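Reading through the structure tokens given below for one structure.
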Amino acid sequence: MCKTKGKNKMTYGEKITSDERFNRTGLDLLARMIYVEAEGESEMGKRAVACVARNRKDHKRASEFGGTTYKDVILKDNQFDSVTKPKFLQPDLNSTAWKDSLNIALNMDTVVNPISACLWFCTNEVYNNNVKTENGIEKYPFGNAYKQVTEKKILGGHTFYRVINY
20 MCKTKGKNKM TYGEKITSDE RFNRTGLDLL ARMIYVEAEG ESEMGKRAVA
70 CVARNRKDHK RASEFGGTTY KDVILKDNQF DSVTKPKFLQ PDLNSTAWKD
120 SLNIALNMDT VVNPISACLW FCTNEVYNNN VKTENGIEKY PFGNAYKQVT
170 EKKILGGHTF YRVINY
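Under our numbering, the first residue of the sequence shown carries the number 20, and numbering increases by one thereafter.
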């Protein structure tokens, strides 16, 4: 699938360098992020990862998450580990995981959100190793403090969550 940009053609998922990330479209970056973060997940798991980016760009505090575009959100420092991975720079374009990820990215306007308003995710193992429960209330570490988890969904190998005041 190609997208023409001036005289140059840009192919979604084509091999790029780390610096070239900043010249990509938001949809290309979104597909790459979904691919790396949720490669082994079901389609529902991939949609959930995509919806974290959508929730962030649409959030009332979007500037904290990088801005109001997929590109801004995905490229914000320290938000998605995937942007530093070799697979992000060179996805396997023949894999089902890439094809699913690209399809989800290209159809985000109609993707049903399986995670409601959740804004963060991590593997179930990371979540379980970091969460603490006080009086039946889960709290997750943010900076130097623990914040109350107000919403949580577990899909496949990931825990999606939102904390108080978000």
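Where is the CB? At the ideal position from N, CA and C, for every residue including glycine.
Since the model is a prediction, treat every value here as computed from it, not as a measurement.
So, are the CB atoms of Cys-137 and Arg-66 less than 7 angstroms apart?
no
Note down the Cα distance separating Thr-103 from Thr-44, rounded to an integer number of angstroms.
17 angstroms
So, are the CB atoms of Met-204 and Pro-133 less than 7 angstroms apart?
With the chain covering 20 to 185 only, the question about residue 204 has no answer from this structure.
At which residues does the beta strand (DSSP E) containing Val-182 begin and terminate?
177–182
Under a three-way DSSP split, which group does Met-127 fall into?
coil
Buried or exposed: where does Thr-23 fall if 16 or more other Cβ atoms within 10 Å of its Cβ makes it buried?
Residue placement at Thr-23 cannot be trusted, given a pLDDT of 41 that sits under 50; the coordinates are not used to answer.
Please name the residue in Thr-30, Glu-58, Gly-32 and Arg-73 whose C-alpha comes closest to that of Val-131.
Arg-73
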